[in-house]
Amino acid sequence: MSEKILVIGANGQIGTELVTALRGIHGAEAVIASDINSAAYAIRNSGPYELANVLDKDNLHHIFEKHRPTQVYLLAAILSAVGEQKPKVAWDLNMTGLLHVLDFSVEFKVDKVFWPSSIAVFGPHSPQYQTPQYCVMDPNTVYGFSKLAGERWCEYYFTKYGLDVRSIRYPGLVGWRANPGGGTTDYAVHIFHQALKAGTYESFLSADTALPMMYMDDAIRATMTLMDAPAATLSIRSSYNLSGISFTPAQLAAEIKKHIPNFEISYNDNDPRQAIADSWPKSINDSYAQKDWNWQLEYDLPKMVEDMLVNLKKII
Ligand code: AKB
């Protein structure tokens, strides 16, 4: 059966990469990109596009009715750092948007839905190292507890309505094609831009703040692999842990220095994002993803840094 894939929030860091990858596999016409703003440069003119506001029920219903998608990816969200500046707006967008999409996916009998969760679902009392799939979860950011509540809704719609929802708890994502927007892990992308442009970077996280991260190529491959997996093999309908690579700003800077010897990093020790990072895991255990859908990471830190610099240099 031919797919009709609706990607909501297509202009963001994950969306632009996912739309490009999905159009490569399924053909341009099969992938409808949508966002609240006009199409980002990376996906402009490469296939169908709809203006969509997930909070506007009539607008969203019309898009589902018009395109009758077989798969929906909901990527529209407010991330951790911006969420702390606008807590109620973040809660509303992240929750109400998800509920609209889940309801319309049931109504229009969508085959599969993808919704991203995050390492932000963990909190200060979660185990910090090799954080397991199931443990104490006490997120203290609005973004984090909107993602945790969202996971519960996803599992609920799977159990109650048979909706085939799939999800990943993404680590911080590092890619060269698009910029991140408003997260705590954004430093790990900004550092590459500044290293190439200025040769210096002031990190808003301290030198030894370890966080789980992942190269975008791995994240997109993980998403596609999960979406292609036979439903019967999936034992988790909330969201899968995904570990990636754990590194600190100092370790990332040292790796960049191997390519740009004059690169210098400094640290701002007065940024509110530090407290968010301190509440998150330092490394993640993703044994369920390995077992259920044969997940294996490809990019370690040196490979990621090399690929980032080679590609960014061409476009900066
Ligand atoms: C953020 O920093 O808010 C996101 C995330 C880890 O979900 N990148």
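The sequence shown: position 188 = 1534 (the working numbering), numbered continuously.
For glycine and all other residues, C-beta sits at the position ideal for the given N, C-alpha and C.
* Asked: In the structure shown, what three-state DSSP assignment does D1624 receive?
  -> As a working note, residue 1624 is residue 278 in the sequence shown. D1624 falls in the helix class under three-state DSSP.
* Asked: Ends of the alpha helix (DSSP H) at D1438?
  -> Translated into the one-based positions of the sequence shown, residue 1438 becomes position 92. First-last of the alpha helix (DSSP H) with D1438: 1433-1453.
* Under 7 angstroms from any heavy atom of ligand 1, does the C-beta of A1466 make it? -> Here residue 1466 corresponds to residue number 120 of the sequence shown, with the count starting at 1. Result yes, Cβ under 7 angstroms from ligand 1.
* Those residues which DSSP pairs with D1381 across a bridge -> Along the sequence shown, one-based indexing puts residue 1381 at 35. DSSP output for D1381 lists L1397 as bridge partner(s).
* Three-state secondary structure (DSSP) of K1649 -> Position 303 of the sequence shown, counted from the start, is the residue given in the question as residue 1649. Here K1649 sits in helix by DSSP.
* Asked: Under a three-way DSSP split, which group does I1606 fall into?
  -> Counting from 1 along the sequence shown, the entry for residue 1606 is found at position 260. In this structure, I1606 counts as coil in the three-state DSSP scheme.
* Asked: DSSP puts Y1586 in a beta bridge; with which residues?
  -> Here residue 1586 corresponds to residue number 240 of the sequence shown, with the count starting at 1. I1514.
* Determine the DSSP secondary structure at L1494, reduced to helix, strand or coil. => In the sequence shown, counting from the first residue as 1, residue 1494 sits at position 148. Helix.
* **the region 1606-1617 touching the region 1562-1582, judged by at least three CB pairs closer than 8 angstroms** => no
* Asked: Under the three-state reduction of DSSP, which class applies to K1458: helix, strand or coil?
  -> On the sequence shown, position 112 is the one that residue 1458 refers to. Strand, per DSSP.
* Asked: Is there at least one non-hydrogen atom of ligand 1 closer than 7 angstroms to the beta-carbon of L1421?
  -> As a position in the sequence shown, residue 1421 is number 75, starting the count at 1. No, the beta carbon of L1421 sits no closer than 7 angstroms to any heavy atom of ligand 1.
* Whose C-alpha, out of P1478, S1581, Y1516, is nearest the C-alpha of T1505? -> On the sequence shown, position 159 is the one that residue 1505 refers to. Measuring from the Cα of T1505, the nearest candidate turns out to be S1581.
* **Counterpart residues of Y1480 in DSSP-defined beta bridges** => Residue numbering aside, residue 1480 sits at position 134 when the sequence shown is read from its first letter. Bridge partners of Y1480: none, in fact.
* To do: Counting only the same chain and skipping the five closest in sequence on each side, list residues whose C-beta sits under 6 angstroms from that of I1661.
  => Counted from its first residue, the sequence shown places residue 1661 at position 315. If we look at I1661 and ignore the five residues flanking it on each side, it has no Cβ neighbours.
* **Touch test, the region 1414-1422 against the region 1465-1472, Cβ-Cβ under 8 angstroms, three pairs minimum** => no
* A1534 versus I1360: straight-line alpha-carbon distance, rounded -> Locating residue 1534 in the sequence shown gives position 188, counting from the first residue. Locating residue 1360 in the sequence shown gives position 14, counting from the first residue. Rounded to the nearest angstrom, the two C-alpha atoms are 15 angstroms apart.
* Cβ neighbour criterion (16 or more within 10 Å) applied to A1541 -> By 1-based counting over the sequence shown, the position of residue 1541 is 195. Around the beta carbon of A1541, a 10 Å sphere encloses 16 or more other beta carbons of the protein chains shown; the residue is thus reported as buried.
* Look up I1354 in the DSSP assignment and give the residues it is bridged to. => One-based indexing of the sequence shown puts residue 1354 at position 8. For I1354, which the question treats as bridged, DSSP gives the partners S1380, L1420.
* To do: Flag G1518 as yes when its Cβ comes closer than 7 angstroms to any non-hydrogen atom of ligand 1, and as no otherwise.
  => Start at 1 with the first residue of the sequence shown, and residue 1518 comes out as number 172. Yes, Cβ of G1518 sits closer than 7 angstroms to a heavy atom of ligand 1.
* Asked: Is T1530 helix, strand or coil by DSSP?
  -> Locating residue 1530 in the sequence shown gives position 184, counting from the first residue. Reduced to three states, the DSSP call for T1530 is coil.
* Asked: On the three-pair Cβ rule with 8 angstroms, is the region 1489-1498 touching the region 1426-1437?
  -> yes
* Ignore the nearest five residues each way along the sequence and tell me which others in A1386's own chain have a CB closer than 6 angstroms to its CB. => The count along the sequence shown starts at 1 and reaches residue 1386 at position 40. If we look at A1386 and ignore the five residues flanking it on each side, its Cβ neighbours are N1357, T1362.
* To do: Using 10 angstroms around the beta-carbon of E1644, count the other beta-carbons present and answer buried if the total reaches 16, otherwise exposed.
  => Position 298 of the sequence shown holds residue 1644. Per the 10 Å Cβ criterion, exposed.
* Whose C-alpha, out of W1641, T1530, N1608, is nearest the C-alpha of R1567? -> On the sequence shown, residue 1567 is found 221 positions in, with the first residue counted as 1. The candidate whose alpha carbon is nearest that of R1567 is W1641.
* Whole alpha helix (DSSP H) runs in the region 1530-1555 with 4 or more residues, listed along the chain? -> 1533-1543
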